[in-house]
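Following the numbering used here, the numbering of the sequence shown begins with 8 at its first residue and continues without gaps. Ideal Cβ placement from N, Cα and C applies to all residues, glycine included. Single-structure report; data block below.
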Amino acid sequence: MILTITPNPAVDQTIEIDEDLESDTVQRSTAAQFDSGGNGINVSQFLRALDYETVATGIIGGFTGYFIQQDLKTYDVPTDFVEVEEPTRMNTTILPPGKEYKLNQSGPEVEREAVDELIETIQDHDPSLINIGGSLPPKMDASDVDRLAEAGDWDTALDVHGDLMQELENTYEYCKPNREELTEATGIEIDSIDDCAEAARQLQETGFERVLASMGGDGAMLVTPDETLYAPALDVDVVDTVGAGDSMFTGALWAYEQGWDDEKALRAGVATSAHLVQTKGPSIRELDPESLMDEVRVWSMRG
């Protein structure tokens, strides 16, 4: 079972208006949408779409935390969150014609006691793998991530910001940086596939057994202790790229949990992402990467 941990989830509010934003005036939206947001939450939704066992946990609070719990029920995602007094953050995106404005909240302050309770929650479920993803709320830091990873006999997968990866002291089985996070973690600008391979190898040497680097339309790179594998993205009709990186990581972790090898895990990740981007929004109820895996080409790159 894969248990996902979202330390700082959010309710994502998307507002559409038919004119540009103006100060000192009342404007009305033409549409609005609310979604549960956060890396771990997305991964649990995708695991359920793959018909795989999962539990979503993390830190929530208030009416926004309640919304996340109720929303995940509609996707049959089991939850076991730790609750704090302050409300879960809300991230707002405003979409006037041809523009995009974003306002993200910091989230509630999380004391050590809440992290202790989170560790107990994970131990109660005894997963084979935990996935820690997204940003950290105020008062949580890299030492708390290390504590979560070392608190039980499980493998740990990370999808966190590059500067946070630099501060970790434990070794980790998996991580999934994108271009920007690779640059943050290594200082290497990613302008080519070779740059990505160099940065991913450098990151792997700092304490990550397998690095799955997502490069959007340029595909994905998987660095293991034995080899560096590259797979271009599949040529599909892209509708929406929201959640593409999360779905790629989900597909690879799902494959590893079934005992598949590195090449097959990379194929599964790329195929899962290709399936997702053909639909609108990150919320999906069925994923079938195996129908696309034979189309994924994989090359071994020299170190």
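S51, DSSP secondary structure in three states: helix
Practice item. Please classify G318: is it buried, with 16 or more other beta-carbons within 10 angstroms of its beta-carbon, or exposed? Key: Residue 318 is absent from the structure shown; the chain starts at 8 and stops at 310.
Contiguous alpha helix (DSSP H) assignments of at least 4 residues, all confined to the stretch 175-240: Runs of the alpha helix (DSSP H) inside the stretch 175-240: 186-193, 200-211.
Given V91 as reference, the closest of G68, D78, K106, I101 once Cα atoms are compared = G68
Which one of D170, W161, D160, N177 has the shortest CA to CA distance from V152? N177
Requested in this report: Name, in chain order, the residues that DSSP records as bridge partners for W306.
Outcome: In the DSSP output, where bridge partners are listed per residue, W306 has Y237.
> In the DSSP assignment, what are the bridge partners of R96?
Replying inline: A17
*Should D131 be labelled buried (16 or more other beta-carbon atoms within 10 Å of its own) or exposed?*
Classification for D131: exposed.
Would you say D244 touches the ligand MG, meaning its beta carbon is less than 6 Å from a heavy atom?
Inclusion of the ligand MG in the displayed structure is not the case, the ligand content being empty and no account of it being possible.
Among the residues of its own chain, which have a CB less than 8 Å from the CB of E264, if the five just before and after it don't count? If you ignore the 5 residues before and after E264, its C-beta comes within less than 8 Å of the C-beta of I9, Y59, S135, L136, all in its own chain and listed in chain order.
TODO: Compute the Euclidean distance between the alpha carbons of G224 and A149, then round it to the nearest angstrom.
DONE: Looking at the two C-alpha atoms, the distance is approximately 31 Å.
* To do: For W306, count neighbouring C-beta atoms within 10 Å of its own C-beta (all shown protein chains included) and say buried if the count is 16 or more, exposed if not.
  => exposed
If you follow the alpha helix (DSSP H) that Y263 is part of, which residue opens it and which one closes it?
-> 251-264
- Task: Evaluate K80 with the Cβ neighbour count: other Cβ atoms within 10 Å of its Cβ, from every protein chain shown; 16 or more gives buried, anything less gives exposed.
- Result: exposed
In chain order, what residues of the same chain have a beta carbon less than 7 Å from the beta carbon of A158, not counting five sequence neighbours either side? The residues I126, I129, Q130, in chain order, have a CB closer than 7 Å to that of A158 in the same chain once the five nearest residues on each side in sequence are set aside.
Alpha carbon of Q34 to alpha carbon of K106, nearest angstrom
16 Å
**Prompt:** Quick one: what's T64 bridged to in DSSP?
**Reply:** I12
Query raised in the report: Of the choices Y181, A121, V89, whose alpha-carbon is the least far from that of A164?
Result: The residue with the shortest Cα to Cα distance from A164 is Y181.
CA-CA distance, T213 and E120? 30 Å
task = Evaluate L260 with the Cβ neighbour count: other Cβ atoms within 10 Å of its Cβ, from every protein chain shown; 16 or more gives buried, anything less gives exposed.
result = With 16 or more other Cβ atoms inside 10 Å of its own Cβ, L260 counts as buried.
Start and end of the beta strand (DSSP E) containing L165? 162-166
Problem set entry | Nearest residue (CA-CA) to V50, options V246, G276, M300, E302 | G276
- Contact between the stretch 271-285 and the stretch 192-199: three or more CB pairs below 8 Å? no
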